[in-house]
Amino acid sequence: MEQNYLSNLIVPKQKDVFGQAALDFFKTKQVKDIHVFAENFEPDYIPVDYLFRAFDEMPILERKALANASGNVLDVGAGVGSHSLYLQNKLHLNVKAIDQSPGSIEVAKMRGVKQVELTNFFNFSATEKFDTLLMLMNGIGIVGTLAFLPNFFEQVKKLLLPHGKLILDSSDLVYLFDKEELNEKPTYYGEMRYQIGYETIFSDEFDWLYISFEELKKQAKLNGFSCHLLASGAHYDYLAELKPI
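Residue 190 in the UniProt record's numbering sits at position 190 of the sequence shown; the count goes up by one each step and never skips.
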(Lines of atoms letter the chains of each structure in order from A; the text may use other names.)
(Lines give C-alpha, C1' and ligand atoms only; values in the text may rest on other atoms or scores of the structure.)
Protein backbone atom coordinates (compact mmCIF):
# COMPACT_ATOMS: atom_id res chain seq x y z
CA MET A 1 0.00 0.00 0.00
CA GLU A 2 1.30 3.43 -0.93
CA GLN A 3 2.04 5.68 2.03
CA ASN A 4 1.60 9.41 2.33
CA TYR A 5 2.90 11.73 5.04
CA LEU A 6 -0.65 12.96 5.73
CA SER A 7 -2.30 9.55 5.57
CA ASN A 8 -2.42 8.86 9.33
CA LEU A 9 -1.57 12.22 10.85
CA ILE A 10 -3.20 14.30 13.56
CA VAL A 11 -1.16 17.49 13.57
CA PRO A 12 0.86 17.90 16.80
CA LYS A 13 -0.14 21.07 18.63
CA GLN A 14 3.42 22.43 18.47
CA LYS A 15 3.23 22.22 14.66
CA ASP A 16 -0.43 23.16 14.21
CA VAL A 17 0.09 26.19 11.99
CA PHE A 18 -3.49 26.66 10.78
CA GLY A 19 -4.90 25.85 14.20
CA GLN A 20 -2.78 28.31 16.16
CA ALA A 21 -3.33 31.06 13.59
CA ALA A 22 -7.07 30.45 13.74
CA LEU A 23 -7.17 30.45 17.54
CA ASP A 24 -5.23 33.71 17.71
CA PHE A 25 -7.47 35.42 15.19
CA PHE A 26 -10.65 34.15 16.84
CA LYS A 27 -9.51 35.61 20.16
CA THR A 28 -7.86 38.87 19.02
CA LYS A 29 -9.26 39.61 15.51
CA GLN A 30 -5.71 40.63 14.52
CA VAL A 31 -5.04 39.62 10.92
CA LYS A 32 -1.69 37.87 10.49
CA ASP A 33 -0.35 35.73 7.68
CA ILE A 34 0.23 32.01 7.28
CA HIS A 35 3.36 31.62 5.15
CA VAL A 36 3.62 28.97 2.46
CA PHE A 37 6.99 27.68 1.23
CA ALA A 38 7.56 25.48 -1.83
CA GLU A 39 10.82 24.51 -3.48
CA ASN A 40 11.62 26.55 -6.62
CA PHE A 41 8.80 29.02 -5.94
CA GLU A 42 8.65 32.35 -4.17
CA PRO A 43 7.12 32.20 -0.66
CA ASP A 44 3.39 32.88 -0.59
CA TYR A 45 0.99 33.71 2.22
CA ILE A 46 -2.62 33.25 3.34
CA PRO A 47 -4.18 36.00 5.50
CA VAL A 48 -5.71 34.13 8.44
CA ASP A 49 -9.03 36.01 8.18
CA TYR A 50 -9.56 34.31 4.79
CA LEU A 51 -10.26 31.09 6.68
CA PHE A 52 -13.24 32.81 8.35
CA ARG A 53 -14.88 34.13 5.17
CA ALA A 54 -18.65 34.39 4.89
CA PHE A 55 -20.60 32.86 2.00
CA ASP A 56 -20.67 36.08 -0.04
CA GLU A 57 -16.87 36.36 0.32
CA MET A 58 -16.23 32.88 -1.04
CA PRO A 59 -15.06 32.23 -4.61
CA ILE A 60 -17.81 31.39 -7.09
CA LEU A 61 -16.73 27.75 -7.33
CA GLU A 62 -17.05 27.32 -3.56
CA ARG A 63 -20.51 28.84 -3.56
CA LYS A 64 -21.57 26.54 -6.38
CA ALA A 65 -20.15 23.55 -4.50
CA LEU A 66 -22.19 24.39 -1.40
CA ALA A 67 -25.32 24.82 -3.52
CA ASN A 68 -24.79 21.30 -4.91
CA ALA A 69 -24.35 19.66 -1.50
CA SER A 70 -27.33 17.65 -0.29
CA GLY A 71 -28.46 15.20 2.36
CA ASN A 72 -26.03 14.01 4.99
CA VAL A 73 -22.75 15.89 4.39
CA LEU A 74 -19.16 15.17 5.44
CA ASP A 75 -17.02 18.32 5.23
CA VAL A 76 -13.47 16.98 4.79
CA GLY A 77 -10.68 19.32 5.86
CA ALA A 78 -13.32 21.61 7.31
CA GLY A 79 -10.83 23.93 9.02
CA VAL A 80 -12.62 26.49 11.16
CA GLY A 81 -15.98 25.45 9.71
CA SER A 82 -16.93 28.23 7.30
CA HIS A 83 -18.48 25.83 4.77
CA SER A 84 -20.06 23.67 7.46
CA LEU A 85 -21.71 26.66 9.11
CA TYR A 86 -23.34 27.74 5.87
CA LEU A 87 -24.64 24.24 5.14
CA GLN A 88 -25.82 23.81 8.74
CA ASN A 89 -27.35 27.23 9.38
CA LYS A 90 -28.51 28.41 5.94
CA LEU A 91 -29.32 25.21 4.06
CA HIS A 92 -30.30 23.27 7.23
CA LEU A 93 -28.35 20.16 6.22
CA ASN A 94 -26.92 17.57 8.58
CA VAL A 95 -23.17 18.24 8.47
CA LYS A 96 -20.19 16.59 10.12
CA ALA A 97 -16.91 18.54 9.97
CA ILE A 98 -13.58 16.71 10.20
CA ASP A 99 -10.05 18.06 10.25
CA GLN A 100 -6.64 16.93 11.48
CA SER A 101 -5.80 20.33 13.01
CA PRO A 102 -6.64 20.44 16.76
CA GLY A 103 -6.80 24.23 16.86
CA SER A 104 -9.03 24.47 13.80
CA ILE A 105 -11.48 21.95 15.23
CA GLU A 106 -11.55 23.88 18.52
CA VAL A 107 -12.41 27.08 16.67
CA ALA A 108 -15.06 25.33 14.57
CA LYS A 109 -16.74 24.20 17.81
CA MET A 110 -16.60 27.72 19.25
CA ARG A 111 -18.11 29.13 16.06
CA GLY A 112 -21.09 26.82 16.42
CA VAL A 113 -20.48 23.83 14.18
CA LYS A 114 -22.60 21.15 15.85
CA GLN A 115 -20.78 17.99 14.72
CA VAL A 116 -16.99 18.09 14.62
CA GLU A 117 -14.30 15.47 14.93
CA LEU A 118 -10.52 15.69 15.13
CA THR A 119 -9.45 12.96 12.74
CA ASN A 120 -7.57 12.22 9.57
CA PHE A 121 -9.73 11.50 6.52
CA PHE A 122 -7.93 8.25 5.75
CA ASN A 123 -8.44 6.95 9.30
CA PHE A 124 -11.99 8.24 9.68
CA SER A 125 -14.70 5.63 10.11
CA ALA A 126 -18.35 6.31 10.79
CA THR A 127 -21.40 4.23 11.65
CA GLU A 128 -23.34 6.31 9.13
CA LYS A 129 -22.66 6.95 5.44
CA PHE A 130 -22.96 10.20 3.59
CA ASP A 131 -24.87 11.62 0.63
CA THR A 132 -22.17 14.24 -0.02
CA LEU A 133 -18.45 14.36 0.65
CA LEU A 134 -17.18 17.94 0.34
CA MET A 135 -13.51 18.70 -0.26
CA LEU A 136 -12.92 22.39 -0.96
CA MET A 137 -9.88 24.67 -1.07
CA ASN A 138 -8.19 21.92 -3.12
CA GLY A 139 -9.09 19.44 -0.41
CA ILE A 140 -7.98 16.56 -2.61
CA GLY A 141 -4.48 17.88 -1.97
CA ILE A 142 -4.31 15.58 1.06
CA VAL A 143 -3.82 12.69 -1.37
CA GLY A 144 -0.30 14.00 -1.92
CA THR A 145 0.65 12.07 -5.06
CA LEU A 146 -1.11 10.28 -7.91
CA ALA A 147 0.16 6.97 -6.54
CA PHE A 148 -2.03 7.38 -3.44
CA LEU A 149 -5.27 7.95 -5.38
CA PRO A 150 -6.44 4.28 -5.25
CA ASN A 151 -6.31 4.46 -1.43
CA PHE A 152 -8.23 7.71 -1.55
CA PHE A 153 -11.00 6.35 -3.77
CA GLU A 154 -11.23 3.23 -1.62
CA GLN A 155 -11.89 5.39 1.44
CA VAL A 156 -14.43 7.52 -0.45
CA LYS A 157 -16.37 4.36 -1.36
CA LYS A 158 -16.47 3.33 2.30
CA LEU A 159 -17.97 6.66 3.35
CA LEU A 160 -20.44 7.35 0.52
CA LEU A 161 -23.94 5.99 0.14
CA PRO A 162 -24.46 4.15 -3.18
CA HIS A 163 -26.15 7.21 -4.69
CA GLY A 164 -23.72 9.62 -3.01
CA LYS A 165 -21.37 12.17 -4.53
CA LEU A 166 -17.96 13.67 -3.93
CA ILE A 167 -17.68 17.38 -4.70
CA LEU A 168 -14.19 18.85 -4.96
CA ASP A 169 -12.26 21.69 -6.50
CA SER A 170 -8.69 21.74 -7.74
CA SER A 171 -6.41 23.51 -10.22
CA ASP A 172 -4.34 22.53 -13.23
CA LEU A 173 -0.82 23.81 -12.53
CA VAL A 174 0.27 23.42 -16.15
CA TYR A 175 0.49 27.22 -16.47
CA LEU A 176 3.46 27.26 -14.06
CA PHE A 177 5.74 25.34 -16.41
CA ASP A 178 6.97 25.69 -19.96
CA LYS A 179 6.94 22.70 -22.29
CA GLU A 180 10.58 21.82 -21.67
CA GLU A 181 10.10 21.86 -17.89
CA LEU A 182 7.07 19.58 -18.18
CA ASN A 183 8.99 17.11 -20.32
CA GLU A 184 11.87 17.02 -17.83
CA LYS A 185 9.77 16.56 -14.68
CA PRO A 186 10.19 13.03 -13.30
CA THR A 187 6.82 13.14 -11.52
CA TYR A 188 3.35 14.50 -12.25
CA TYR A 189 3.60 18.29 -12.44
CA GLY A 190 0.76 18.78 -9.94
CA GLU A 191 2.62 16.97 -7.15
CA MET A 192 3.94 19.69 -4.85
CA ARG A 193 5.85 19.67 -1.59
CA TYR A 194 5.15 22.38 0.94
CA GLN A 195 5.99 23.68 4.37
CA ILE A 196 3.83 26.25 6.16
CA GLY A 197 4.62 28.62 9.00
CA TYR A 198 2.96 31.07 11.36
CA GLU A 199 5.02 33.29 13.64
CA THR A 200 7.44 30.81 15.31
CA ILE A 201 5.49 27.65 14.39
CA PHE A 202 6.41 25.56 11.35
CA SER A 203 4.93 22.37 9.97
CA ASP A 204 6.89 19.43 8.69
CA GLU A 205 7.19 19.29 4.91
CA PHE A 206 4.28 17.52 3.26
CA ASP A 207 3.14 16.37 -0.19
CA TRP A 208 0.15 18.12 -1.73
CA LEU A 209 -1.63 17.24 -4.98
CA TYR A 210 -3.12 19.56 -7.57
CA ILE A 211 -4.79 17.59 -10.34
CA SER A 212 -6.10 18.65 -13.73
CA PHE A 213 -9.69 17.77 -14.56
CA GLU A 214 -8.54 15.49 -17.39
CA GLU A 215 -6.25 13.55 -15.03
CA LEU A 216 -8.92 13.41 -12.33
CA LYS A 217 -11.45 12.02 -14.81
CA LYS A 218 -8.94 9.39 -15.95
CA GLN A 219 -8.08 8.35 -12.39
CA ALA A 220 -11.74 8.33 -11.35
CA LYS A 221 -12.63 5.92 -14.16
CA LEU A 222 -9.75 3.62 -13.21
CA ASN A 223 -11.11 3.50 -9.66
CA GLY A 224 -14.80 3.01 -10.38
CA PHE A 225 -16.14 6.58 -10.37
CA SER A 226 -17.81 8.85 -12.88
CA CYS A 227 -16.47 12.41 -13.03
CA HIS A 228 -18.51 15.39 -14.16
CA LEU A 229 -17.32 18.98 -14.58
CA LEU A 230 -19.64 21.30 -12.65
CA ALA A 231 -17.85 24.57 -13.42
CA SER A 232 -14.57 26.08 -14.59
CA GLY A 233 -12.89 29.00 -12.89
CA ALA A 234 -11.06 31.96 -14.33
CA HIS A 235 -7.55 30.62 -13.80
CA TYR A 236 -7.17 26.89 -14.48
CA ASP A 237 -9.37 25.96 -11.51
CA TYR A 238 -12.51 23.85 -11.66
CA LEU A 239 -15.26 22.18 -9.66
CA ALA A 240 -16.07 18.49 -10.16
CA GLU A 241 -18.62 15.96 -9.00
CA LEU A 242 -17.68 12.28 -8.73
CA LYS A 243 -20.02 9.33 -8.13
CA PRO A 244 -19.43 5.60 -7.65
CA ILE A 245 -20.28 3.67 -10.78
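From the three backbone atoms N, C-alpha and C, an ideal C-beta is built for every residue, glycine too.
Beyond the five residues adjoining it in sequence on each side, ALA240 comes within less than 7 Å, by CB distance, of LEU168, PHE213, LEU216, CYS227, HIS228, LEU229 and LEU230 in the same chain, given in chain order. Taking the C-beta atoms as reference points, VAL116 is found nearer than 9 Å to SER84. Between the stretch 42 to 54 and the stretch 12 to 27 there are three or more inter-stretch CB-CB distances shorter than 8 Å, so the stretches are counted as touching. Beta bridge pairing from DSSP links HIS35 with TYR45 and GLY197. If you ignore the 5 residues before and after LEU159, its C-beta comes within less than 8 Å of the C-beta of LEU74, PHE124, ALA126, LYS129, PHE130 and LEU133, all in its own chain and listed in chain order. Taking 8 Å as the upper bound for CB-CB distance, LEU66 and LEU87 are in contact here, some 6 Å apart.
Distance from the CA atom of PHE121 to the CA atom of ILE98, rounded to whole angstroms, is 7 Å. When the Cα atoms are used, ALA78 and SER104 turn out to be separated by approximately 8 Å.
The three-state secondary structure of GLU184, taken from DSSP, is helix. With fewer than 16 other beta carbons inside 10 angstroms of its own, GLN14 counts as exposed. Relative to the Cα of ASN72, the nearest Cα in the group ASP56, LYS96 and ALA38 belongs to LYS96.
Just so you know, the alpha carbons of MET110 and PHE37 end up roughly 30 Å apart. Between ASP178 and PRO102, the C-beta gap is not smaller than 9 Å, which leaves the two residues out of contact.
If you ignore the 5 residues before and after LYS114, its C-beta comes within less than 8 Å of the C-beta of GLN88 and VAL95, all in its own chain and listed in chain order.
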